[in-house]
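Under our numbering, read the sequence shown as residues 6 to 340, first letter to last. Ideal Cβ placement from N, Cα and C applies to all residues, glycine included. This structure is a prediction, so every number in the text was calculated from the model and none was measured.
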Amino acid sequence: MASVRLVRGLWRGCSKRFISIESTPQLSTAEIAQRRNDLFTKEKERQLSLNPRIEKIEVKHVGKSHPGTLFIMNKGLSTPYSCAMHLSEWYTKRSVLALVDGQHWDMYRPLTHSCEIQFLTFKDEDAEEVNKAYWRSCAMILGCILEQAFKDEYSITLVKAPEVPVTSGAFCYDVILDSKLDAWTPTEENLRSLSKDAFRLIQKDLPFEVLDVDAKVALEIFEYNKYKQDMVEERAQNSKGVVTVHRFGDFVDISEGPHISRTSLCDQYEVTAAHNLQSSQSELRRRFQGISVPYHLKLYHTIWHRLRKRSQKLITERRPKETNDRNEITNIEPA
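Spelled out as C-alpha cells, the structure:
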C-alpha cells in the first residue's frame, strides 16, 4: 500500500521489530487480522450447523413499490439482501438498511422469523438511521485501512470508533501507534495515501456481515487487543453475554451496527486529519478523522471543500452545537 511506503521512507533505517503494546506473542498485524477473520468464519459456520433442517418463513414487503409481495425464505439463512434480490436490481444497489417489523436491520443479518420488511435508502424522507449507519461504516473502513497502513516493525492497536453524529462534521477512529512514531505527524501526502487505500477497498464492493457471539468467543477473536477485550466485557454486561461483531472482507470489528449493505455505497471518501488526544496512560492515542458522501448523492465542489475543512477540526464525543454548517450538509443534489 502507498501508505506503507510512506512510513518506510520516514524510518528507512529502522529494521528492529518492535514489541506490541500488549504482552502477547509477536504476531504481525496481518497475522492477527487473519486470526480474527478465521475465528469469525469458524463461529459463523458453527452457528449455521446448529440448524441442519431448513425451516421456511414468510416475509411480506410493505414498501411503497411492490407492496404486499410475499417471499418464502429460509429461517436463519436468508437476509434482507436475499429478499431485495427477488424484487429488482434497484433494491440491491440502493437499499442501505432494512426495517424488519419496525426494527432497523443489517441487510446481511439473517432473518429469524416471519415478518414484514421495508427497505431504506439515502433518499428517504427520514434518513436519520441510514445516515448513522453510513457514518458508522465509514469509521469501520477507516479502522481497516489504518491497521493495514504500517509495516510490521510498527505496532498499531485499534482502540475504538467513537459513535459521533453526522452533524459533528467527521467520522473518526482512535488508535495507538508504536511509541517510536510518537513524534510523527501525518502529512497531507500521508492522508492522501490513506484516502487512496480506502478508495481501493470501497471499489471491492464488500458486504458488511454481522454475527452475534458469546462474550467468550468475542474475547478469543480479540485476544491480542486489550481495548477491544475491555469493550467486549462492557457490552456483554449490557446484553446478557452476547456481543455483536461485523466483518467486511477479512476485517473484523466490534460494532452494534447496523451497518450499510456494502462498501460500494461509499463514493467520495477522504481521510482529512489526525489529532493527538490527551491520555492518562503512557500510550499516545491518536484520532484519525475523515469525511464521505454516498455513491447515490453528490456534492457541489464548493460545498465539499467547506465540509472537508470543517472535518479537520478535532471531533469530540459530545454532541456538537448547531451551526450554520449543518445546513450545508442538506445542499446535496440527488444523483
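{"Query": "Is the Cβ-Cβ distance between residue 383 and residue 266 less than 7 Å?", "Result": "This structure cannot speak to residue 383, because the chain is shown only from 6 to 340."}
{"Query": "Let me know the alpha helix (DSSP H) ranges lying completely inside the stretch 35-113, each 4 residues or longer, listed in chain order.", "Result": "85-92 and 94-99"}
{"Query": "Select from 238, 269, 59 and 199 the residue whose C-alpha is nearest the C-alpha of residue 147.", "Result": "199"}
{"Query": "My output table needs one value for residue 211: the three-state DSSP class, helix, strand or coil.", "Result": "coil"}
{"Query": "Using the rule of at least 16 other Cβ atoms within 10 Å of the residue's Cβ for burial, across every protein chain shown, is residue 123 buried or exposed?", "Result": "buried"}
{"Query": "With H, G and I counted as helix, E and B as strand and the rest as coil, what does DSSP make of residue 278?", "Result": "strand"}
{"Query": "Can you tell me the Cβ-Cβ gap for residue 77 and residue 94, rounded? I've got them flagged as a contact below 8 Å.", "Result": "Contact flag wrong, Cβ pair sits at about 21 Å."}
{"Query": "Distance, Cα to Cα, residue 229 vs residue 96?", "Result": "39 Å"}
{"Query": "Specify the secondary structure class of residue 148 as computed by DSSP and reduced to three states.", "Result": "helix"}
{"Query": "Quick one, which of 279, 60, 206 and 242 has its alpha-carbon nearest residue 193's?", "Result": "279"}
{"Query": "Nearest by alpha-carbon distance to residue 187: which of 227, 160 and 42 is it?", "Result": "160"}
{"Query": "Is residue 102 closer than 7 Å to residue 67 when the C-beta atoms are compared?", "Result": "no"}
{"Query": "For the stretch 158-219, which segments carrying the beta strand (DSSP E) assignment without a break, of at least 3 residues, lie completely within its bounds, in sequence order?", "Result": "161-165, 176-182 and 214-219"}
{"Query": "Residue 163: buried (16+ other C-beta within 10 angstroms of its C-beta) or exposed?", "Result": "buried"}
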